[in-house]
Every structure is written in structure tokens, then in C-alpha cells.
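Chains as they are written, first to last, in this note's numbering: chain A, 1 to 279; chain B, 280 to 516. Cβ coordinates follow ideal geometry from the N, Cα and C atoms, glycine included. All figures in this text were calculated on a predicted structure; none of them were measured in a lab. Before any comments, here is the structure.
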């Protein structure tokens with residue numbers, strides 16, 4: 001295997017391959033000389049690492065992120081499907097809006113599945129039976145045991161899911177930066193989750209959770225028990241080293257500073273939050 | 280290694296190019312605050328009257344991540360100026376709840392504006408002059424209708440700008456802001472028409488929110504800006 005010739009071949013279909021690898025042709029050429037002195041057996045490994053550098057996150061990594069997102073979308077879509085189909089749960093005034101949320105989540109499941117398949121991956125498949133929306137880990141008698149008999153409990157769980165979803169997508173954006181199409185689609189889902197979160201929070205505020213505004217104030221959990229982890233870290237008032245409270249002499253309270261920026265969660269944090277809901 | 284193109288409309292991917300490369304992403308790490316190769320090309324906001332631009336006095340947003348952040352800074356200036364005027368000249372019949380919501384939003388937009396100004400430092404474009412002559416600040420319908428347009432525009436702008444950024448830290452900041460803009464958009468929409476937070480004019484049948492390129496966004500925003508902007512050096516992918 002002549003590494004330099006391989007690169008030359010790639011250059012025919014991708015003139016920017018040198019840019020991707022190093023940005024300077026000379027450096028790459030000298031790398032090829034070094035590679036020439038490396039035992040042949042290690043060349044594929046070297047090349048794998050070079051191409052990963054050149055072409056960024058692998059499809060496998062991106063599929064992993066998308067399957068994580070798909071799991072959350074299943075959680076939400078099965079939740080709203082059950083809620084919308086439960087007679088007497090959702091008041092008539094809110095039913096059109098909750099139905100729109102359901103339709104979006106069902107669409108997210110479909111588009112994530114299609115994308116994972118297109119990337120050569122295998123989408124996870126989950127059903128209503130995969131979830132315990134009482135957060136009972138399968139006991140069906142967890143802390144939100146009235147989730148489909150009390151509209152307020154239903155909304156509380158919905159708010160926790162939506163705010164978690166916003167934070168989950170935000171936490172994964174950087175892992176998709178190498179793929180413009182997937183990144184843009186994920187961002188477009190992310191902002192829809194933000195709309196959902198604001199809508200559910202707005203309904204809850206009107207129903208009596210008076211401090212529960214459409215945006216997240218500090219790490220306030222909006223009166224929902226057991227969801228501190230959903231809001232942990234949202235109280236941040238410094239962004240990229242810039243103190244937002246009273247920034248540049250403006251009258252910006254700590255509450256407003258925290259509300260103005262939503263915060264990410266890691267995959268591990270999100271998994272811990274949703275674990276009681278997944279059987 | 281030919282490019283693979285697929286036309287499955289149900290997929291996120293309009294085009295898969297090898298393993299989906301963004302042209303500049305891997306070797307150019309320009310931090311918001313560091314001296315960077317990208318910033319060199321965009322010293323200050325008033326440099327250069329790009330020859331492709333019709334208006335030689337247009338404010339040049341710059342290139343690379345700096346240009347994208349100046350683009351966001353311009354939109355935040357517009358929004359902050361709008362809500363500042365909404366609160367100082369409140370429309371007739373405004374409710375206490377509406378004053379509270381709109382005051383919060385004003386403060387969020389000021390926080391965004393001042394964040395970008397501080398983060399961009401010497402690379403920041405100057406303060407823009409706005410033109411709200413088409414807005415009737417005494418009318419609830421005019422104010423909320425304009426607010427809805429601005430918030431949906433902001434969401435679409437950030438959704439379109441994500442792929443233009445090369446630094447994951449800048450992408451994260453954009454992500455932290457766009458979901459707040461989406462929250463604003465949803466609330467304003469609920470104030471206008473119940474259950475319209477994500478209506479089909481902004482969220483498509485795949486459940487994807489609206490997305491616009493900088494040129495599309497600036498064509499709309501231009502109605503409200505006296506200052507002309509030159510976005511010709513912004514990245515396109």
C-alpha cells in the first residue's frame with residue numbers, strides 16, 4: 001500500500017483532502033514519507049486515524065447520538081400518544097395543542113429512524129410497553145402514578161420531558177458538528193422541543209404554578225417533585241467566561257441572566273433522568 | 280469514493296457527502312476570545328467595503344465564526360431595541376401578565392446582545408440603527424405580530440447558522456440561545472392564538488423548525504434596520 005498514492009487518488013474526487021488532513025500539502029507529504037518507514041501492518045490503523053481527523057466524527061458515532069435522541073423521542077411520542085388517547089384527561093381547550101406536540105414527536109421518531117438507516121445504522125425500536133410513565137421502573141406505580149388520571153401530573157411529566165429534551169439535544173450538538181445535514185436537522189428538532197417546553201410551562205403557569213414561566217428561572221423545578229436533576233445547572237449566570245448579571249451596566253437580574261441561556265446535559269445525565277421511565 | 284446522493288425525503292439527509300464533511304471544521308479552532316486565524320480576516324466591523332456589495336458603507340459582518348457571531352449580534356441588537364421600545368411605550372390594554380412576559384424577553388435579548396458585544400470585543404460590529412416605522416407600538420396586534428416575526432426569524436437564523444460555525448464552543452453558545460428564542464416564539468404565539476406555538480407555518484410535517492440562511496434572514500430583518508449590513512464574507516457551509 002502506497003499511502004501517498006492513496007491520498008492522490010482521494011484528491012481526484014476530493015480536492016480538499018490535504019486541507020482536511022493538515023491544511024498544508026507539504027506537511028502531509030512529509031507524513032507520507034514517515035508512513036513509508038512504518039511497518040506495513042500498522043498502515044491501516046494510521047490511515048484510519050488520519051481519515052477520522054479529516055472527515056470528523058464517524059457515522060458510527062453519529063448513529064450513536066441519533067439512537068440516543070431516538071430513545072428520547074420514543075419516550076415523548078409514546079407518552080403523548082397515551083395522553084391524547086386517554087378520554088377525559090386533557091381539557092378540550094388544550095387538546096389541539098397537546099395533539100400538535102404528539103404529532104411533532106411522532107414525526108421526530110420517523111425522521112430519526114430514517115436518518116439512522118440512511119447512515120447505515122440500526123435504529124432502536126421501542127413501544128408503549130417499553131415505558132413506565134409513572135417513573136416506577138416497571139412497577140407502574142411510581143411517584144407519578146396519576147400521570148394519566150390527573151392532567152396536572154401529566155403536564156408535570158410533560159414539562160420534565162420537554163426541558164430534558166431541550167438540554168439533551170443541546171448537549172449533543174457538538175458531537176454532530178462534522179455533519180452539516182444531521183446537525184441542522186438536530187437543531188431544528190431542538191428548537192421545536194423548546195417551543196413544546198414553553199407551551200407546557202405556559203399552561204402550567206396558567207393553572208397555578210405561578211412562578212413557572214415559559215423559560216427556566218434559576219434551577220427552579222416549577223413545583224414538580226423529583227426533577228431537580230432536570231434543572232441542575234440551569235442557574236448559570238456566566239457564559240463563556242462572561243458574567244451576564246448586570247452585564248455592561250445593564251439592569252439584568254440573576255434570574256433574567258439564567259433565563260436568557262438554556263444549559264446542556266450530558267448523555268449520562270439525561271440517561272439517569274429518564275431511567276425510571278424506561279422498563 | 281464518489282459522493283453518495285440519496286433522495287429520501289423522509290430523511291434528515293438531503294445529501295451525504297462521503298462522511299459528511301463540513302469544509303472548515305476540523306483544523307480551524309477559533310475560540311471566541313483567542314486571537315484566531317479567522318479573526319485576522321475580519322478586523323473590526325467597519326473594515327472593507329466589499330466590492331460585491333452594492334452599498335460601500337455597509338457594515339461588514341466579517342468572516343468565519345466571527346462573522347457568524349456578528350450576524351447573531353446584529354439580530355440580538357434588533358430584538359433588544361424592539362422590546363425596549365415595547366416596554367417604554369406599552370400598547371393599550373396590555374395586561375400585567377403581558378408586561379411581565381415582555382419585560383423578561385426584553386431583558387433576555389439585552390443579555391444576548393451584551394454577551395455578543397463583550398465576547399466579540401474589538402471584532403464586534405458597531406451599534407446598529409433600527410427603523411420601527413412600520414410598527415404601531417400602541418397596537419397589541421402590531422406589537423405581538425412583530426414580536427412573533429422577530430422570534431421565529433431568530434429561531435430560523437440560529438438553526439441555519441449552526442452549521443456555519445467551526446468551534447464547538449460557539450455552537451454551544453448558539454444552542455443555549457436558540458432554545459430561549461424558541462421559548463419566546465412559543466409564548467408570543469400563545470398570546471396571539473392559543474395552541475399555535477408550533478403551527479405548520481413554522482414547524483413542517485417532519486417536525487422540523489424553520490431554518491433560514493443569513494441572506495434570507497437579513498432580507499427580512501432589513502426592513503427594520505437603517506444600517507446596511509454586508510454579509511458577503513460569511514461562511515456558506
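What in chain B is Cβ-close to residue 140 of chain A, meaning under 8 Å?
-> Here the premise fails: no neighbours, minimum Cβ distance about 29 Å.
Let me know the secondary structure DSSP gives residue 451 of chain B once reduced to three states.
-> Residue 451 of chain B falls in the helix class under three-state DSSP.
Could you check where the alpha helix (DSSP H) with residue 195 of chain A kicks off and where it finishes?
-> Its alpha helix (DSSP H) spans residues 180-206.
Alpha helix (DSSP H) segments (min. 4 residues) lying fully within the stretch 432-503 of chain B = The stretch 432-503 of chain B contains these whole alpha helix (DSSP H) runs: 447-471, 493-500.
Comparing alpha-carbon positions, which option in A:229, A:223, A:196 lies nearest residue 214 of chain A?
-> Ranking the options by Cα distance to residue 214 of chain A, first place goes to A:196.
Taking the DSSP output, what are the residues bridged to residue 508 of chain B?
-> In the DSSP output, where bridge partners are listed per residue, residue 508 of chain B has B:338.
Using the beta-carbon of each residue, which ones in chain B are nearer than 7 Å to residue 240 of chain A?
-> Within chain B, the residues near residue 240 of chain A are 311, 398, 448, 452.
Members of the stretch 188-202 of chain A near chain B, C-beta cut-off 9 Å = Taking a C-beta cut-off of 9 Å against chain B, the contacting residues of the stretch 188-202 of chain A are 188, 189, 190, 191, 192, 193, 194, 195, 196, 197, 198, 199, 201, 202, listed in chain order.
Determine the closest residue to residue 392 of chain B out of A:279, A:260, A:269, A:274, with distance taken between C-alpha atoms.
-> Relative to residue 392 of chain B, the option among A:279, A:260, A:269, A:274 whose CA is nearest is A:260.
Within chain B, the residues that residue 183 of chain A reaches when beta carbons sit closer than 7 Å = Within chain B, the residues near residue 183 of chain A are 441, 442.
Pair within 9 Å by beta-carbon distance, residue 108 of chain A and residue 73 of chain A = Contact: yes.
Rounded to whole angstroms, what's the CA-CA distance from residue 152 of chain A to residue 93 of chain A? Just pull it up for me.
-> Each residue's alpha carbon lies about 15 Å from the other.
With 9 Å as the C-beta to C-beta threshold (strictly closer), list the residues of the stretch 481-504 of chain B near chain A in chain order.
-> Within the stretch 481-504 of chain B, contact with chain A at the beta-carbon level (separation under 9 Å) is assigned to 481, 482, 483, 484, 485, 486, 487, 488, 489, 490.
Chain A within 9 Å of residue 476 of chain B, Cβ atoms only = For residue 476 of chain B, the nearest beta carbon of chain A is closer than 9 Å to its own beta carbon.
In chain A, what lies closer than 9 Å to residue 358 of chain B by C-beta?
-> In chain order: nothing, as chain A lies at least about 12 Å away.
Establish whether the CB of residue 394 of chain B and some CB of chain A are separated by less than 9 Å.
-> Yes, contact with chain A.
Leaving aside the five residues before and after residue 423 of chain B along the sequence, list all residues of the same chain whose C-beta is less than 7 Å from its C-beta, in chain order.
-> In the same chain as residue 423 of chain B, and ignoring 5 residues on each side of it, the C-beta atoms closer than 7 Å to its own belong to 467, 470, 471, in chain order.
Which first and last residues belong to the alpha helix (DSSP H) in which residue 382 of chain B is found?
-> Note, residue 382 of chain B: alpha helix (DSSP H), 375-399.
heavy atom of the ligand ZN below 8 Å from residue 105 of chain A C-beta = Here there are no bound small molecules, and the ligand ZN is not part of this structure.
Contacting residues, own chain, Cβ-Cβ under 7 Å from residue 456 of chain B (five flanking each side not counted) | Within the same chain, and ignoring the five residues on either side of residue 456 of chain B in sequence, the residues whose Cβ sits closer than 7 Å to its Cβ are 391, 437.
Validate contact between the stretch 425-445 of chain B and the stretch 242-252 of chain A using beta carbons, cut 8 Å, 3 pairs = Here the stretch 425-445 of chain B does not lie against the stretch 242-252 of chain A, with fewer than 3 beta-carbon pairs under 8 Å apart.
So what's residue 278 of chain A in DSSP terms, helix, strand or just coil?
-> DSSP places residue 278 of chain A in the strand class (E or B) of the three-state scheme.
Within its chain, find whatever has a CB closer than 8 Å to the CB of residue 427 of chain B; leave out the 5 residues flanking it on each side and keep chain order.
-> These residues qualify, in order along the chain: 464, 467, 468, 471.
Could you name the residues of chain A that residue 381 of chain B contacts, counting a contact when the two beta carbons are closer than 8 Å?
-> The contacting residues do not exist; residue 381 of chain B stays about 12 Å from chain A at best.
How about residue 338 of chain B: is its C-beta nearer than 9 Å to some C-beta of chain A?
-> Under the Cβ criterion of 9 Å, residue 338 of chain B is not counted among the residues facing chain A.
Between residue 106 of chain A and residue 367 of chain B, what straight-line distance do the alpha-carbon atoms span, to the nearest angstrom?
-> C-alpha of residue 106 of chain A to C-alpha of residue 367 of chain B: approximately 43 Å in a straight line.
Grab me the residues of residue 235 of chain A's own chain with a C-beta within less than 7 Å of its C-beta, minus the 5 sequence neighbours each way, in chain order.
-> So the qualifying residues of the chain are 218, 219, 258.
Hey, residue 102 of chain A and residue 155 of chain A are a contact pair by Cβ (cut 8 Å); roughly how many whole angstroms apart?
-> Not quite, the Cβ-Cβ distance comes to about 14 Å (not below 8 Å), so this is no contact.
Residues of the stretch 94-105 of chain A with a CB closer than 8 Å to any CB of chain B: list them in chain order, please.
-> Listed in sequence order: 94, 96, 97, 100, 101, 103, 104, 105.
Which residue's Cα is closest to the Cα of residue 85 of chain A: A:148, A:231, A:118?
-> It is A:148.
Burial state of residue 279 of chain A (16 or more Cβ within 10 Å) = A residue is called buried when at least 16 other Cβ atoms come within 10 angstroms of its Cβ; residue 279 of chain A does not meet this threshold and is exposed.
Should residue 50 of chain A be labelled buried (16 or more other beta-carbon atoms within 10 Å of its own) or exposed?
-> Legend: pLDDT at residue 50 of chain A = 46, less than 50; position of this residue unreliable, value from coordinates given subsequently. The residue in question, residue 50 of chain A, is buried, as its Cβ has 16 or more Cβ neighbours within 10 Å.
Contact under 9 Å by Cβ, residue 488 of chain B with residue 189 of chain A = Yes, these two residues count as a Cβ contact at 9 Å.
Cut-off 8 Å between Cβ atoms - residues of its own chain near residue 128 of chain A, not counting five sequence neighbours on either side | Excluding positions up to five away in sequence, the list reads 78, 81, 82.
Look at residue 171 of chain A and residue 267 of chain A and say whether their C-beta atoms are less than 9 Å apart.
-> Against a cut-off of 9 Å, the Cβ pair of residue 267 of chain A and residue 171 of chain A comes out as a contact.
For residue 262 of chain A, return the contacting residues in chain B, with the cut-off set at a CB-CB distance below 7 Å.
-> 455, 458, 459, listed in chain order.
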